[in-house]
Amino acid sequence: MQGCNRSQKIAICTVGLPARGKTYISRKLNRYFNWLGYKSRVFINGNYRREICGTECNSQFFDPHNEEAQKARSDCAKMALQDLIQFLKNGGDVGILDGTNITRERRLQIESDLKQSFNGIQTLWIESICNDSKVIQNNIRLTKINNPDYCNVNSDEATIDFLNRIKMYEQIYETITDDENLSYIKTMNVGADIIVHQVYGFLLSKIVSFIMNLHTYPRPIYLSRHGESQYNVDDRVGGDSDLSELGEMYADKLADFFFKEFPTKEMKNEIIFFTSTMRRAIHTSDVVANKLEIQPLQLKTLDEINVGICDGMTYTEIAQKFPSDFQERKINKLGYRYPRGESYLDLISRIEPVIFEIERSRQPVMIIAHQAILRCLYAYFHQNEIPEVPTLDIPLHCVIKLTPAAYFCDEKRVLINPQTGEISIKEEYVQEFVRSKSKQKSFIDL
Amino acid sequence: MQELGKQQKMVIGMVGLPARGKTYISRKICRYLNWMGFKSKVFNIGNYRRQICGTDCNSNFFDPGNKDASKARDECALLALNDMINYLRNEGDVSLYDGTNTTKQRRKLIMETLQQKFSEVQVFWVESICNDEDVILRNIQLTKLNNPDYVGKSSDEATQDFQQRIEQYAKVYEPIDMDENISFIKIIDIGNDIMIYNIQGFLQSKLVSYLMNLHIYPRPIYLSRHGESQYNVGHKVGGDSDLTQTGLMYAKQLGKYFVQELEGNRNIKMFTSTMQRALRTSNEVCELLGVEYYSLKALDEINPGICDGLTYQQIADKFPQDYEERKMNKLTYRYPRGESYLDVISRVEQIIFEIERSRLPVIVIAHQAILRCLYAYFHEHEVPEIPKLNIPLHQVIKLVPAAYYCKETRIKIDPMTGHWEIQDEATIKKVKSFLDL
C-alpha cells in the first residue's frame with residue numbers, strides 16, 4: 001500500500017524521561033517505514049548534544065537550573081529539529097525526532113516550528129511512560145552503559161550517575177495534556193496501555209497498530225529456506241517443484257537441529273511455526289513438524305515471489321527470450337515486476353501482516369519459506385537498506401537465528417550439511433556491531 | 447492468517463450509555479469477523495428484554511431503584527449470556543454481547559459467570575463514550591425511533607422518553623477502570639480519543655486496528671468492473687487482456703457518469719488494480735474527472751494458476767476433477783498454482799480498511815471476484831454466497847452506509863448509448879429484521 005499517501009510529510013516526536021524506550025520506539029518505527037518504502041530518518045537530540053558539548057557524563061549538566069548548560073542543550077535541540085525539517089524538504093517522507101521533550105514549552109515550540117515549515121505536515125507525538133523500576137533498571141543496563149557518555153566510567157558509577165540524570169529531568173517533567181492540541185499516542189508499561197488522541201490518517205493509524213504490537217521479550221526468530229528443490233537443481237525460477245534427494249536429507253537434519261534446540265515438550269509447544277503453501281516448503285516443514293510433534297500454519301502470504309511469464313525458465317532462457325526484461329531486472333532488481341508477476345516491493349507489501357505477527361509474538365518463531373521472502377523478512381529484522389534486499393545472501397541449507405537485542409538483532413547462522421549433518425556456526429553479536437557503528441561520526445541514527 | 451485467531455473462542459462485551467453506537471459497533475465488528483472467516487453473532491440484551499418483559503417504553507422501567515424491573519433485566523442479561531456461551535460451544539468463534547453493561551458489578555458478574563461456565567474463552571470489552579449532544583440526538587432519531595419500544599408514539603414523545611431513559615442509566619454509570627483487570631478499548635467521541643488496555647492475541651489486535659478506522663461519515667462507495675475485455679468476449683479466465691471497443695466505450699461513459707454524479711467534487715479516492723483492463727478503464731475515468739488513482743496489486747483479479755487463459759469448457763475438458771471440485775466448493779477451491787476466494791478475501795482486507803477509513807467518496811474499479819468480496823463485506827452477505835454474487839459488466843454499484851446497513855443503488859450504463867438505468871434495491875427488509883440481529 002505504499003501507493004497511498006505519498007505526498008504527506010510526517011514528523012514524529014518522542015516524549016519521555018530517559019530510559020523509557022524512546023530510542024527503541026524511534027528506531028523500530030524508522031525501520032518499519034524504511035522497509036515499507038518511505039524515506040525515513042531518526043534525529044537524536046542526544047547525539048547532537050554529544051557532538052557539540054562533548055560526552056558529558058556528569059548529571060549536573062542536566063540540572064534544569066544550570067543555565068549555561070540549558071542554553072547549550074536547547075541550541076542542540078534546535079539544530080536537530082532544523083536538520084529534520086531540511087530532511088523533509090529534501091525528499092524525506094518521515095522525520096523522527098528522538099528526544100525527551102518533557103516540557104510543554106518545548107513541545108509547543110517544536111510543533112509551531114514544524115507546522116510553519118510545511119503546509120499540511122502531519123505531526124505525531126509519542127510519549128513513553130514507565131513506572132516499573134525493574135524495567136527502567138534493565139533499560140539502563142542494556143543501553144546506557146554502552147553509551148559514549150560513559151565509556152570511561154565503570155558500570156556501577158554509570159548507573160548511579162544516570163539515575164541522577166533522570167532525577168534532574170523528573171523535576172520539570174510535564175506529561176502531554178489535551179489542551180496542548182497535539183496528536184499524540186501515550187504508551188505505558190511497554191505497550192500494555194495505550195492512549196490515542198486525535199490521530200487520523202493512513203500512516204498514523206498504521207503507527208498505532210504497529211506500536212500496539214511491540215514488546216521487549218527477547219524471543220528468537222528462526223528463518224530457513226526449504227531443502228534443495230528440483231528447480232534449484234535445474235536452476236529454474238518459479239514452479240512448484242518438490243524436494244530433491246539432497247533437499248529431503250536437509251529436511252531430516254533440520255528436524256534434528258530443531259529437536260535439540262527445543263529440548264522440552266513445553267518449549268516445542270510454544271513454537272509459532274509458519275510455512276508457505278508450496279510443495280517444497282510444506283515437505284520440509286512436515287518433516288520438522290513430525291519430529292517436534294507440532295503443526296505448521298501454511299500461509300499463502302509466504303509463497304515465493306511470483307515470476308509471472310518467466311515461470312519455469314532458467315536465467316539463461318529468460319536472458320534469451322526476454323532480453324530487455326533481463327536487463328531491466330539487473331538494473332533495478334528491487335522495483336522490477338515480472339510481467340504478470342511480482343516485484344520485491346510487491347513482496348514487501350504482501351508480507352507485512354507476517355511482520356506484524358512476528359513482532360507481536362512473545363514465543364519463538366520458526367519460518368520455513370523461500371529465498372525472496374526470507375530476504376525481505378531478514379532485511380526487516382537486520383535493518384538492511386532496502387535496495388540491498390534482492391541481493392542478500394540467504395543460502396540453502398542454512399538456519400538463520402535472529403535474537404532481537406536492544407536496538408539490533410544478534411544473528412547466528414547455522415550451516416547444516418544435508419549429507420553428513422555436520423554443523424558450522426557463524427555468529428555476529430550486537431555489542432561488536434554497536435561498537436563498530438558508534439565509531440562512525442554521524443548525528444543521525446546508528 | 448485467520449488460523450491464528452481460531453485458537454481461542456472470544457466474547458466481546460459492549461459498554462456504554464444508550465445511543466452511543468454500541469449496536470452500530472457490534473454489528474460492524476460482527477460483519478467484519480464473519481467476512482474474515484470467524485463465525486460471529488451479536489446477542490442484543492435489549493431484544494431479550496423486549497421478548498421477556500414486553501416492549502415497555504416507559505423510562506421508569508430503567509430506574510435503578512425499581513427493584514422488580516432490575517431483577518427482570520438481570521435475568522435477561524444472564525439469559526443472553528447463556529445463549530452466547532451455547533453458541534460458542536457449538537459453532538461460533540466469537541460472540542458479541544451487546545448491552546449497556548454500565549456498572550462494575552454487572553461486568554464483574556459477566557466475567558465471573560464466564561470464568562465458571564467457559565473458562566477457556568477470551569474476553570474483550572469495547573466501551574463507547576460520547577459527550578457530543580448533537581451526535582447523541584442524531585443517533586436517537588436515526589435508530590431509536592424505529593425501535594419496537596416506541597411503536598405508536600410520536601417522535602417527540604419517544605425522544606423525550608428515551609432521553610429520560612438515558613438519564614436513568616447515567617445515574618449509575620461507571621466507565622471501565624484499569625483496576626477491573628480486563629482487556630478493553632475505549633472509543634471516545636467517535637475515535638477522537640482511544641484508550642487501549644491489555645490487548646491479548648491476534649484477533650484483539652486486529653479488532654483494535656479495525657475499530658480505529660471506523661467513523662460515521664456517510665460517504666458513498668462506488669464499485670465497478672473494468673469495461674468488457676478481450677478475454678470476456680472469448681470467455682477465457684485470467685490473462686491480462688485489453689479492453690474491447692465496447693469496453694472502451696463503457697470506460698468513457700463511466701467517466702461521464704462520475705462527472706455528473708460527483709458534481710465537480712475532485713476530493714475523492716480512487717483505487718484500481720495493476721491489470722491492463724482496469725488501468726485503461728480508470729485512465730478514461732480519471733481524464734474526465736481530473737483526479738488520480740491508486741493502482742494496487744491487491745486488487746488484481748483472482749489468480750487462476752494453471753487455468754490461466756483457458757475457457758471454462760477447456761478447464762472442464764483438461765482438468766475434469768478440478769472443475770467438479772470447484773463447482774462443489776467454489777469458496778475454498780484453490781486453482782493449482784493459483785488462489786481461492788478465501789485467499790482473495792485475505793488479500794483484499796487492507797482495501798476494506800482503506801475504504802472504511804476514508805471520509806471521502808471512494809471509487810473502486812476492479813474485477814469480478816474482487817468486487818464480489820468487497821461487495822459482500824459492505825452488503826453483509828454470507829461468505830459462502832460470495833462466489834455467486836451477481837456483479838455484471840457495465841454496471842456501477844453505489845453503496846451508501848446508513849445506520850445499520852448500506853443503501854444500494856445499481857446504475858446500468860449502456861456503453862453504446864450512454865443511457866443509464868437506475869435500480870433502487872429494497873432496503874426495507876434490513877430495517878424490519880431488528881429482532882434478528
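In order, the protein sequences belong to chains A and B. The first sequence: position 324 = 324 (the numbering used here), numbered continuously. The second sequence: position 189 = 635 (the numbering used here), numbered continuously. Even glycine gets a Cβ: it sits at the ideal position worked out from N, Cα and C.
Selection from the options that minimises the alpha carbon distance to residue i
i, options, result
"residue 251 (chain A)", "A:237, A:63 and A:279", "A:279"
"residue 402 (chain A)", "A:65, A:91 and A:217", "A:217"
"residue 670 (chain B)", "B:725, B:863 and B:852", "B:725"
"residue 316 (chain A)", "A:308, A:326, A:309 and A:307", "A:326"
"residue 428 (chain A)", "A:233, A:408 and A:419", "A:408"
"residue 675 (chain B)", "B:708, B:722 and B:796", "B:722"
"residue 195 (chain A)", "A:179, A:128, A:142 and A:225", "A:128"
"residue 340 (chain A)", "B:787, B:746 and B:643", "B:746"
"residue 387 (chain A)", "A:335, A:289 and A:178", "A:335"
"residue 463 (chain B)", "B:608, B:717, B:813 and B:840", "B:608"
"residue 812 (chain B)", "B:536, B:470, B:842 and B:866", "B:842"
"residue 793 (chain B)", "B:654, B:482 and B:461", "B:482"
"residue 625 (chain B)", "B:553, B:854 and B:588", "B:553"
"residue 582 (chain B)", "B:501, B:465 and B:628", "B:465"
"residue 529 (chain B)", "B:514, B:510, B:518 and B:563", "B:563"
"residue 130 (chain A)", "A:61, A:87 and A:21", "A:21"
"residue 223 (chain A)", "A:394, A:167 and A:66", "A:394"
"residue 310 (chain A)", "A:302, A:301 and A:322", "A:322"
"residue 399 (chain A)", "A:357, A:17 and A:227", "A:227"
Reduced DSSP secondary structure (H/G/I, E/B, other) of residue i
i, result
"residue 20 (chain A)", "coil"
"residue 862 (chain B)", "coil"
"residue 278 (chain A)", "coil"
"residue 296 (chain A)", "coil"
"residue 680 (chain B)", "helix"
"residue 621 (chain B)", "coil"
"residue 589 (chain B)", "helix"
"residue 854 (chain B)", "strand"
"residue 36 (chain A)", "helix"
"residue 455 (chain B)", "coil"
"residue 197 (chain A)", "strand"
"residue 493 (chain B)", "helix"
"residue 641 (chain B)", "strand"
Same chain, Cβ closer than 7 Å to residue i, neighbours up to 5 away in sequence not counted
i, result
"residue 494 (chain B)", "522, 525 and 526"
"residue 803 (chain B)", "659"
"residue 229 (chain A)", "241, 242, 243, 244, 247 and 280"
"residue 26 (chain A)", "14, 42, 96 and 98"
Under 9 Å between C-beta atoms of residue i and residue j
i, j, result
"residue 491 (chain B)", "residue 546 (chain B)", "yes"
"residue 540 (chain B)", "residue 630 (chain B)", "no"
"residue 273 (chain A)", "residue 305 (chain A)", "no"
"residue 234 (chain A)", "residue 314 (chain A)", "yes"
"residue 107 (chain A)", "residue 176 (chain A)", "yes"
"residue 161 (chain A)", "residue 150 (chain A)", "yes"
"residue 99 (chain A)", "residue 136 (chain A)", "no"
"residue 798 (chain B)", "residue 470 (chain B)", "no"
"residue 727 (chain B)", "residue 700 (chain B)", "yes"
"residue 212 (chain A)", "residue 655 (chain B)", "yes"
"residue 302 (chain A)", "residue 379 (chain A)", "no"
"residue 114 (chain A)", "residue 140 (chain A)", "no"
Inter-residue CB distance, residue i and residue j (contact presumed, cutoff 8 Å)
i, j, result
"residue 299 (chain A)", "residue 354 (chain A)", "7 Å"
"residue 844 (chain B)", "residue 668 (chain B)", "5 Å"
"residue 76 (chain A)", "residue 104 (chain A)", "Actually they are not in contact, since the Cβ atoms of residue 76 (chain A) and residue 104 (chain A) sit about 20 Å apart, beyond 8 Å."
"residue 415 (chain A)", "residue 397 (chain A)", "7 Å"
Proximal residues to residue i (C-beta, below 6 Å), its chain only, five neighbours per side dropped
i, result
"residue 761 (chain B)", "753 and 769"
"residue 436 (chain A)", "For residue 436 (chain A), the predicted structure reports a pLDDT of 48, less than 50, and the residue's modelled location is therefore unreliable. A value from the coordinates is still provided. If we look at residue 436 (chain A) and ignore the five residues flanking it on each side, it has no Cβ neighbours."
"residue 183 (chain A)", "124, 198 and 199"
"residue 650 (chain B)", "570"
Residue i Cβ short of 8 Å to the ligand COA heavy atom set
i, result
"residue 258 (chain A)", "Within the structure as shown, the ligand COA is missing, as the structure has no ligands at all."
Own chain partners of residue i with C-beta closer than 8 Å, once the 5 adjacent residues on each side are dropped
i, result
"residue 664 (chain B)", "846, 847 and 848"
"residue 178 (chain A)", "197"
"residue 347 (chain A)", "305, 372, 373 and 376"
Residue-chain proximity (residue i, chain D), Cβ-Cβ < 9 Å
i, result
"residue 175 (chain A)", "This model lacks chain D altogether; the protein chains it does include are A and B."
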